[in-house]
Amino acid sequence: MQVSHKPSAVSVSFDEPNLVSAAGLHELADERLTVPTDKGANAGLKVASLVAGMVAGADSIDAMALLRHGGMTRLFTACYAPSTLGSFLRAFTFGHVRQLDAVASRFLANLSARARLLGTPGAEDLVFVDVDDTIIEVHGYAKQGSGYGYSGIRGLNALLATVSTKDTAQVIAAQWLRKGAANLARCAKRLITDALSTLKSLQAEGHSHGPVLCRFDSAFYLHAAFSAAQAGGAEVSVTVRMDPAVKRAIAGIPETAWTTIEYTDAVFDEPPTPGYPGQRSPKPCSPRSAPARRTSRSPAGWWCAASRN
Numbered sequence: 019m020q021v022s023h024k025p026s027a028v029s030v031s032f033d034e035p036n037l038v039s040a041a042g043l044h045e046l047a048d049e050r051l052t053v054p055t056d057k058g059a060n061a062g063l064k065v066a067s068l069v070a071g072m073v074a075g076a077d078s079i080d081a082m083a084l085l086r087h088g089g090m091t092r093l094f095t096a097c098y099a100p101s102t103l104g105s106f107l108r109a110f111t112f113g114h115v116r117q118l119d120a121v122a123s124r125f126l127a128n129l130s131a132r133a134r135l136l137g138t139p140g141a142e143d144l145v146f147v148d149v150d151d152t153i154i155e156v157h158g159y160a161k162q163g164s165g166y167g168y169s170g171i172r173g174l175n176a177l178l179a180t181v182s183t184k185d186t187a188q189v190i191a192a193q194w195l196r197k198g199a200a201n202l203a204r205c206a207k208r209l210i211t212d213a214l215s216t217l218k219s220l221q222a223e224g225h226s227h228g229p230v231l232c233r234f235d236s237a238f239y240l241h242a243a244f245s246a247a248q249a250g251g252a253e254v255s256v257t258v259r260m261d262p263a264v265k266r267a268i269a270g271i272p273e274t275a276w277t278t279i280e281y282t283d284a285v286f287d288e289p290p291t292p293g294y295p296g297q298r299s300p301k302p303c304s305p306r307s308a309p310a311r312r313t314s315r316s317p318a319g320w321w322c323a324a325s326r327n
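When we follow the working numbering, the leftmost residue of the sequence shown carries the number 19, and every step to the right adds one.
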């Protein structure tokens, strides 16, 4: 049978029911958001439109025009102009941002009730909460909040907390957008609290899991980050600077107090370090050379990593 590839013989349909949200984003935004004036009207439709636009690849307000193309009208009863969505976002205050955070956490819980985002971890399997930041490059000196941070790039600083297990991909549980020149640990305590609270809501939806391990780099080696994690019932793994006090503490750990822990995708390519009996410092490696698992040792009851900065 000969198949015709002429454009006139091609038919495109947009009828996949699983692409339509059923986790309550529209209803949650209508219930929680209180953006004033006409700019805040139909908040649920506008939030859903913004999410759909970002999923489809829009990276600016003007790019939201793609919502008016193709079969989008099959999904949305109202396709807003980019200027309308921009006015909606510009009407937000900090309080409205926190309302949207509440919408996001509840939407994630609803979504997890329909699809096991964290799989089915056993009672002894760790759930990882990773906290880190990234720079979102922007252009133009008039961009509100933009600045030069540690990367030397003009942009905004996004602080993210993701949740994952050894068998599942990372899921964003909490996020903060900050000034480009913000201190890396700014808002970390609140972000960690929000992420662990969201994780508990996932557990409340029938997703039991094992112990929770928060993993931080040295920027979050602060009492505020530790206290937030411990208040949320999590253990902590953090990279610390090898200052004299830390070196003395490591040197004072007896040999019998060390226990083996596993590092995923790590190689040990340095000579043994004083204070780490017979062990080498874990270093990341390329995917092609990554071994399945490697082990290192840590004092019993501790989760820690060391940096020589």
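In this text, a Cβ means the ideal position worked out from N, Cα and C, and glycines have one as well.
Three or more beta-carbon pairs separated by less than 8 Å are not found between the region 187-198 and the region 230-249, which leaves the two stretches without contact.
With a cutoff of 8 Å on beta-carbon distance, Val147 and Leu63 are scored as not near each other.
DSSP, read as helix, strand or coil, puts Asn201 in coil. Contact between Leu174 and Ala192 is absent: CB atoms are separated by about 17 Å, not below the 8 Å threshold.
In this structure, Phe125 sits near Leu43, with a CB-CB distance shorter than 8 Å. Sequence-distant Cβ neighbours of Leu136 in its own chain, meaning closer than 8 Å and more than five residues away, are Ser130, Val145, Val181, Ser182, Thr183, Thr186, Val189, Leu220, His225 and His227. Comparing alpha-carbon positions, the option among Glu155, Ala160 and Gly170 lying closest to Ala176 turns out to be Glu155. Leu202 and Pro54 have their C-alpha atoms spaced approximately 33 Å apart. The DSSP-derived three-state label of Ile271 is coil. In terms of Cα proximity to Lys207, the closest of Pro229, Ala200, Val65 and Ala242 is Ala242.
Rounded to the nearest angstrom, the gap between the Cα atoms of Val258 and Cys232 is 14 Å. Contact check for Ser164 against Gly198 passes: the beta carbons are separated by less than 8 Å. Distance from the CA of Ala99 to the CA of Arg108, rounded to the nearest whole angstrom, comes to 15 Å. Note that the C-beta distance between Leu68 and Leu103 is below 8 Å. Spatial neighbours of Ala252 in its own chain (CB-CB distance under 7 Å, excluding positions within 5 residues in sequence) are listed in chain order as Val147, Leu214, Val230, Leu231 and Cys232.
Burial of Ser255 is indicated by the presence of at least 16 other C-beta atoms within 10 angstroms of its C-beta. In the three-state reduction of the DSSP assignment, Leu136 falls in the coil class.
Setting aside the 5 residues that flank it on each side, Thr211 is surrounded in the same chain by Ala246, each with a C-beta closer than 6 Å to its C-beta; the list follows chain order.
Bridge pairing for Asn175: Ile153 and Arg196 [DSSP]. Taken through DSSP and simplified to helix, strand or coil, Ile190 comes out as strand.
By the Cβ-count criterion, Ala122 is buried, with 16 or more other Cβ atoms from all chains shown falling within 10 Å of its own Cβ.
Per DSSP, the continuous beta strand (DSSP E) segment holding Val254 begins and ends at Glu253 to Arg259. Inter-residue distance for Arg50 and Ala66 is about 14 Å (C-alpha atoms, whole angstroms).
Cβ-Cβ distances below 6 Å link Trp194 to Leu177, Cys205 and Leu209 in the same chain, with the five nearest sequence neighbours on each side left out; the list follows chain order.
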